[in-house]
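> Have a look at this one before I ask anything.
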Amino acid sequence: MDTTTLSLIEGPRTEMGTQTAQCVMTIAQLEMLYKVHIYSRSGGRVSKDAGYQREADIKRIEKLATSLAKELTVVNSVILNYREAKKDINFNSDGYKNLDVPTKDALWAVDGQHRCEAWIKLYREADDYGVAQKEVGERKINVTLFLGASIQEEV
1253 MDTTTLSLIE GPRTEMGTQT AQCVMTIAQL EMLYKVHIYS RSGGRVSKDA GYQREADIKR
1313 IEKLATSLAK ELTVVNSVIL NYREAKKDIN FNSDGYKNLD VPTKDALWAV DGQHRCEAWI
1373 KLYREADDYG VAQKEVGERK INVTLFLGAS IQEEV
């Protein structure tokens, strides 16, 4: 099974008891794992089936991708949820953990959808932006990661 490794720093638990962590992820890892749960009115109320995120604004994504191609640095974290995470993740005594995430799994957007999609657009269309895909893929972003939060907690 293909996996990618995320180096985590233990964060606090949420009010609902979900473990959080901080990590740095490459754009190539983001492109491989990122998913967004778009709301569908036909699915009914916000749920695992109906989703909850609005459609991203394409013009905003394109503008941000252009700025990122010109070396814009965005240091604030995106927030993602690893829904398939085991509830009993054990960090070492210093609060660190290397977590192998199967590439078939997903990290779901909680906050930062436009930033994530701009990075992914830049990565996938690097030639169109006059940058090297390999270099974009190696760039890093800060991530706050929920480890197994429910849909209700994501919202």
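Every position in the sequence shown, counted from 1, becomes a number in our numbering once 1252 is added. Think of the CB as a built atom: it goes at the ideal place given N, C-alpha and C, for glycine as much as any other residue. Since we're looking at a predicted model, the values are computed, not measured.
Can you tell me the Cα-Cα spacing of residue 1345 and residue 1397, whole angstroms?
Counting from 1 along the sequence shown, the entry for residue 1345 is found at position 93. Counting from 1 along the sequence shown, the entry for residue 1397 is found at position 145. Their Cα atoms are separated by approximately 19 Å.
> Just mark residue 1277 as buried or exposed, buried being the case when its beta carbon has 16 or more other beta carbons within 10 Å.
Looking up residue 1277 in the sequence shown gives position 25. It is buried - the Cβ of residue 1277 has at least 16 other Cβ atoms within 10 Å.
> Assuming contact is defined by CB atoms lying nearer than 9 Å, are residue 1348 and residue 1260 in contact in what I supplied?
As a position in the sequence shown, residue 1348 is number 96, starting the count at 1. As a position in the sequence shown, residue 1260 is number 8, starting the count at 1. Against a cut-off of 9 Å, the Cβ pair of residue 1260 and residue 1348 comes out as a contact.
> Apart from the five residues on each side of it in sequence, which residues of its chain come closer than 7 Å, Cβ to Cβ, to residue 1362?
Here residue 1362 is taken as the residue at index 110 of the sequence shown, counted from 1. The residues are 1331, 1332, 1333, 1398 and 1406.
> What residue range does the alpha helix (DSSP H) around residue 1259 cover?
In the sequence shown, the residue the question calls residue 1259 occupies position 7. Per DSSP, residue 1259 belongs to no alpha helix (DSSP H); it is in the beta strand (DSSP E), 1255-1265.
> Run the CB neighbour count on residue 1374, radius 10 Å, all protein chains shown included, and call it buried at 16 or more, exposed below.
As a working mapping, residue 1374 is identified with position 122 in the sequence shown. Here residue 1374 is buried. Its C-beta has 16 or more other C-beta atoms within 10 Å.
> If you draw a straight line from the C-alpha of residue 1310 to the C-alpha of residue 1336, how long is it?
Start at 1 with the first residue of the sequence shown, and residue 1310 comes out as number 58. Start at 1 with the first residue of the sequence shown, and residue 1336 comes out as number 84. About 29 Å.
> Run through DSSP, which three-state label would residue 1358 get?
Sequence index remark: in the sequence shown, residue 1358 carries index 106 (1-based). Residue 1358: coil per DSSP, three-state reduction.
> With a Cβ-Cβ cutoff of 9 Å, do residue 1270 and residue 1400 count as a contact?
Residue numbering aside, residue 1270 sits at position 18 when the sequence shown is read from its first letter. Residue numbering aside, residue 1400 sits at position 148 when the sequence shown is read from its first letter. A distance below 9 Å separates the beta carbons of residue 1270 and residue 1400.
> For residue 1272, tell me which candidate among 1255, 1314, 1338 and 1288 has the shortest Cα-Cα distance.
Taking the first residue of the sequence shown as position 1, residue 1272 is located at position 20. When each option's Cα is compared against that of residue 1272, the closest is 1338.
> Report the option in 1370, 1308 and 1268 whose CA atom is closest to the CA atom of residue 1283.
Your numbering for residue 1283 matches position 31 in the sequence shown. Of the candidates 1370, 1308 and 1268, 1370 places its Cα closest to the Cα of residue 1283.
> Could you please give me the residues that DSSP links to residue 1393 through a beta bridge?
Translated into positions along the sequence shown, residue 1393 becomes position 141. For residue 1393, which the question treats as bridged, DSSP gives the partners 1277.
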